[in-house]
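Asks: Numbering (this note's numbering), first residue to last: 176 to 544.
We put the beta carbon where it would ideally sit given N, CA and C, even for glycine.
A quick note: this is a predicted structure, and the numbers were derived from the prediction, not measured.
Here's what the structure looks like:
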């Protein structure tokens, strides 16, 4: 058996897709460190470029009959190699889509909250898992172009803020426009000088992709898109926060058996309360985040606005830019602090229950961050 036949036999085994799937997810989880790391972004750009090329080749060659031997000899060696590789296009497309979706799942999970932006993150996870079952459908141009529009959109959403140092609605819309332009260019390359494809078919292929981008823009204005590249690295409620050199000393209640406890979840109403957070931002990004305090007297009532405090942050620190706000004489009930970006998207959330009185105060512990 020839090496190529052996390779085709191995790749055709039913256990191979899960192997590639978990290998790709594990690789991305352990190697994708910072969203502003140049090597990671260049790798994702290469994936996008290769995926676009494969989609164009699939569109131009997918419905053409295989050339006979005489026609093959008239082609260049590179063209003959492309034709021989055509059966492997769906597998290569699946690998690139899986790599992109797993990378996005890693990056977006660090900024997503279940309260609002979890919808978009859930979509990425569904597509990451669903990609393993799409191999037989990846010859459909409508599906391919729509998925390509999505991976371009997810990339430009965080790539432009990382590169420009700005994070606002205008930058987001520029990213959406770039996604439209790149997707349109791929479709143009498929249908240009291609007598086997019609203009009506091109419109049918492009329309779902553009509708998807329009839907995602709507998600942004509903605050359903995670605020990447910002991410909450740490957050908690404390009795006291002090600066000691390059560290912050955080004091909280901790009983001897609460091994993993790192902050307070209940508080007495007559004590000052501190909210400490560390927000990661890329090196070039200087922006404002907010500690938005909310209150409700009991679980049957909705949370209402109590205070919104701005905090200027600078990017670059691996552990996140550290800052805190504090309040005094809080009413008893449920309190939460939403850490928000300038455009209102939630980066993270910290919650605490304030009580009128409690049991004897346990020993206070302090750790540095």
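#1: Buried or exposed: which applies to residue 379, given that a residue is buried once 16 or more other Cβ atoms fall within 10 Å of its Cβ?
#2: Applying the 10 Å Cβ sphere with the 16-neighbour rule, what's the burial state of residue 476?
#3: Just confirm the distance between the C-beta atoms of residue 484 and residue 500, as a whole number of angstroms; I'd bet it's less than 8 Å.
#4: Please work out which residues of its chain come closer than 6 Å, Cβ to Cβ, to residue 506, disregarding the five sequence neighbours upstream and downstream, and give them in chain order.
#5: Figure out for me which residue from 468, 338 and 539 has the closest Cα to the Cα of residue 415.
#6: If you drop the 5 nearest sequence neighbours on each side, which residues of the same chain put their C-beta closer than 7 Å to that of residue 376?
#7: Round the Cβ separation of residue 494 and residue 458 to the nearest angstrom and send it over; I've been treating them as touching at under 8 Å.
#8: For the candidate residues 502, 324 and 410, whose alpha-carbon lies nearest to that of residue 447?
#9: Under 8 Å between the Cβ atoms of residue 513 and residue 469?
#10: Among 404, 473 and 481, whose alpha-carbon lies nearest the alpha-carbon of residue 517?
#11: Could you check whether residue 388 and residue 520 sit closer than 8 Å to each other, using their CB atoms as the reference points?
#12: Any contact between the stretch 259-279 and the stretch 320-337? By contact I mean 3 or more CB pairs, one from each, below 8 Å.
#13: Of all the options 510, 544, 515 and 488, which has the alpha carbon lying nearest to the alpha carbon of residue 529?
#14: Are the CB atoms of residue 406 and residue 286 within a distance shorter than 8 Å?
#15: Mind listing, in chain order, the continuous alpha helix (DSSP H) runs of no fewer than 4 residues lying wholly within the stretch 406-431?
Replies: To lay it out plainly:
#1: Position 204 of the chain shown holds residue 379. Exposed, because fewer than 16 other Cβ atoms sit within 10 Å of the Cβ of residue 379.
#2: Reading the chain shown from its first residue, position 301 is the one you call residue 476. Flag for residue 476 reads exposed.
#3: Within the chain shown, numbered from 1, the residue matching residue 484 stands at position 309. Within the chain shown, numbered from 1, the residue matching residue 500 stands at position 325. Residue 484 to residue 500, Cβ: 5 Å. Contact.
#4: One-based indexing of the chain shown puts residue 506 at position 331. Excluding residues within five positions, none has a Cβ falling inside 6 Å.
#5: Here residue 415 corresponds to residue number 240 of the chain shown, with the count starting at 1. It is 539 whose Cα lies nearest to the Cα of residue 415.
#6: Position 201 of the chain shown, counting from 1, holds the residue named residue 376. Contacts found: none.
#7: For the purposes of this step, residue 494 is identified with residue 319 of the chain shown, where counting begins at 1. For the purposes of this step, residue 458 is identified with residue 283 of the chain shown, where counting begins at 1. At roughly 14 Å, the Cβ-Cβ gap does not stay under 8 Å, so residue 494 and residue 458 are not in contact.
#8: Translated into the one-based positions of the chain shown, residue 447 becomes position 272. When only C-alpha atoms are compared, the closest one is 502.
#9: Taking the chain shown and counting its residues from 1, the one referred to as residue 513 is at position 338. Taking the chain shown and counting its residues from 1, the one referred to as residue 469 is at position 294. Their beta carbons are under 8 Å apart, which means residue 513 touches residue 469 by this criterion.
#10: Residue 517 sits at position 342 when you count from the first residue of the chain shown. It is 404.
#11: As a working mapping, residue 520 is identified with position 345 in the chain shown. As a working mapping, residue 388 is identified with position 213 in the chain shown. For residue 520 and residue 388, no; Cβs fall outside 8 Å.
#12: yes
#13: By 1-based counting over the chain shown, the position of residue 529 is 354. Among 510, 544, 515 and 488, the Cα nearest to that of residue 529 belongs to 510.
#14: Counted from its first residue, the chain shown places residue 286 at position 111. Counted from its first residue, the chain shown places residue 406 at position 231. A contact, by the Cβ cut-off of 8 Å.
#15: none
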